[in-house]
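Q:
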Amino acid sequence: MSDAFVKLSGLTLGYGRTVAVPALDLSIREGELIALLGPSGCGKTTTMRAIAGLLDPSDGTIEIDGRDVTRVPANKRGIGLVFQSYALFPHLSAHENVAFGLRLQKLPAEEIRARTEEGLATVGLTGFGKRKPAEMSGGQQQRVALARSLVMRPKVLLLDEPLSNLDARLRLEMRTELQRVQKETGITMVFVTHDQAEALALADRIVLMREGRIEQLGTPADLYARPETAFAAEFMGFENIFRTEGAAVVSDKGRLPLAAVPQSPILAWRPDAVTVGEGPHEGRVAAASFAGAHREYVIDSALGPVKADAAIELPEVPLGGTIRFDLPLATARGLAA
Ligand SMILES: Nc1ncnc2c1ncn2[C@@H]1O[C@H](COP(=O)(O)OP(=O)(O)O)[C@@H](O)[C@H]1O
Ligand SMILES: [Mg+2]
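Its first residue numbered 13, the sequence shown is counted upward by one per residue in the numbering used here.
(1) Mind checking whether Ala-62 and Leu-93 have CB atoms under 9 Å apart?
(2) Near Met-13, which residues of its chain fall below 7 Å by C-beta distance, leaving aside the five closest residues on each side in sequence?
(3) Tell me, please, which residues DSSP counts as bridged to Leu-214.
(4) According to the neighbour-count rule (16 or more other Cβ atoms, all chains shown, within 10 Å of its Cβ), is Pro-269 buried or exposed?
(5) On the DSSP letters alone, give me the boundaries of the alpha helix (DSSP H) that Val-31 sits inside.
(6) Rounded to whole angstroms, what is the Cα-Cα separation between Gly-332 and Val-18?
(7) Let me know the beta strand (DSSP E) ranges lying completely inside the region 168 to 255, each 3 residues or longer, listed in chain order.
(8) Taking the alpha helix (DSSP H) that Val-329 falls in, what are its first and last residues?
(9) Only counting runs of 4 or more residues, tell me where the alpha helix (DSSP H) segments fall wholly within the region 84 to 135, in order along the chain.
(10) Starting from the Cα of Pro-85, find the closest Cα among Val-168, Glu-227 and Gly-65 and give me that residue.
(11) Might you give, ordered along the chain, the residues of its own chain that have their beta carbon closer than 6 Å to the beta carbon of Glu-308, omitting 5 neighbours on each side?
(12) Can you tell which of Glu-108, Arg-282 and Ser-161 has the C-alpha that lies nearest to the C-alpha of Phe-7?
(13) In chain order, what are the residue ranges of uninterrupted alpha helix (DSSP H) at least 4 long that sit wholly in the region 138 to 168?
(14) What I want to know is whether the C-beta of Ser-97 ends up closer than 8 Å to one or more non-hydrogen atoms of ligand 2.
(15) Less than 8 Å between the CB atoms is what I'm expecting for Ala-298 and Pro-317, so what's the real figure, rounded?
(16) May I ask you to list the residues that DSSP assigns as paired with Ile-46?
(17) In this structure, how does DSSP classify Lys-265 when only helix, strand and coil are distinguished?
(18) Which one or two residues does DSSP pair with Val-18 in a beta bridge?
(19) Cutting at 7 Å between CB atoms, please list the residues of its own chain near Pro-152, excluding the five before and the five after it.
(20) Pick from Ala-259, Ile-91 and Glu-325: whose alpha carbon is nearest that of Pro-340?
(21) Following a CB-centred definition, is Thr-32 positioned closer than 8 Å to any heavy atom of ligand 1?
(22) Leu-104: which of Pro-145, Ala-121, Pro-274 and Ala-126 sits nearest, CA to CA?
(23) Whose C-alpha, out of Leu-190, Leu-100 and Arg-165, is nearest the C-alpha of Arg-143?
(24) Identify which residue in Pro-69, Glu-42 and Gly-22 has its Cα closest to the Cα of Arg-8.
(25) Measure the Cβ-Cβ separation of Ile-311 and Thr-200 and say whether it is below 9 Å.
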């Protein structure tokens, strides 16, 4: 049962005649934080809107906690929503914003007060109850939006790019905060992002989407280390992806020999998996940038550009200079065609 707290079966979603998501199957466990990750337009928001009940599927079913909710209206599904824009009432205080949904439910005043205080405390905003949205930072406003959803005790909380309006530092802070809140409350969360680092940092499992379909599903460690396709590898930071032909890697620019015939039709290397400063190949430094612990080179090679990270201890090779490198089979990730 808990293996499919939220279960999407053959879910088909579209706008008019356009199919945005064809026959999606996905099971989300109770208490899990799952990230829908993928490029803009791949169907993340569309999927969220369907789970929330804001978009009718043209086919398939949605079950939540063992109940088929496909035809159940949005406000009866026990779903909470947090969006990129906080959509707080500007004339209401933080406390009043958080209490709003509870008031609609006509709960006793004391319970509303207690749950609102608890909600504000959960998101670290004790003492901020009297502030209006305009008197709070973006991060604080997003916390209010989160508390407003949490106090309703949803079965599932849907978060659609909730951190993308925040600046880089706040985004990191809110990432940790969200993870803490999720662990503390145990609420099942579906988190949408196009930022792979955010998905890797936050999620229990990642659903990598491409054109409305699941490209790969796994833990962050799985996806990071073992992408199965070139699309997944590229998304996970494998910047060097080449086809193989016998004992060589090839591109439309040319080819480079490998030490042996590889098993896979495609090989991928992260920049830090490329050997720099030694090796059988030679190229020209097309770009070099200092990145603290390492130096990032773009090497113009027989294959075209190869991205390689070099240890900072290695002597710097100037722009246009000759640099030796290797694409070792041992550090390559083999991919399906
Ligand atoms: N209201 C709409 N009307 C028509 N097409 C839409 C609408 N919303 C989204 N789409 C299309 O559906 C596809 C998926 O969009 P969306 O779910 O918003 O992607 P994501 O959230 O992953 O960026 C895209 O091709 C998009 O253009
Ligand atoms: Mg979207």
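Every residue, glycine too, gets a C-beta built ideally from N, C-alpha and C.
A: A quick look at the data gives this:
(1) no
(2) Residue confidence is low: Met-13 scores 46 on pLDDT, short of 50, so the model does not pin down where it sits. No coordinate-derived value is stated.
(3) Partner(s): none; Leu-214 has no beta bridge.
(4) exposed
(5) Per DSSP, Val-31 belongs to no alpha helix (DSSP H); it is in the beta strand (DSSP E), 30 to 40.
(6) 55 Å
(7) 168 to 172, 200 to 205, 217 to 222 and 225 to 230
(8) Here Val-329 belongs to no alpha helix (DSSP H), and DSSP marks it neither H nor E.
(9) 106 to 116 and 121 to 134
(10) Gly-65
(11) Ser-301 and Asp-321
(12) Residue coverage of the chain in this structure runs from 13 to 349, which leaves residue 7 outside it and unanswerable.
(13) 150 to 162
(14) no
(15) 6 Å
(16) Val-202 and Arg-217
(17) coil
(18) Ile-40 and Ile-76
(19) The question names Pro, but residue 152 in the sequence shown is Gln. Within the same chain, Gln-152 has close Cβ partners Leu-137 and Phe-140.
(20) Ala-259
(21) A small fix is needed here, since residue 32 is Ala in this sequence, not Thr. It does: the Cβ of Ala-32 is within 8 Å (strictly closer) of some heavy atom of ligand 1.
(22) Pro-145
(23) Leu-100
(24) What is shown of the chain runs 13 to 349, which leaves residue 8 out entirely.
(25) no
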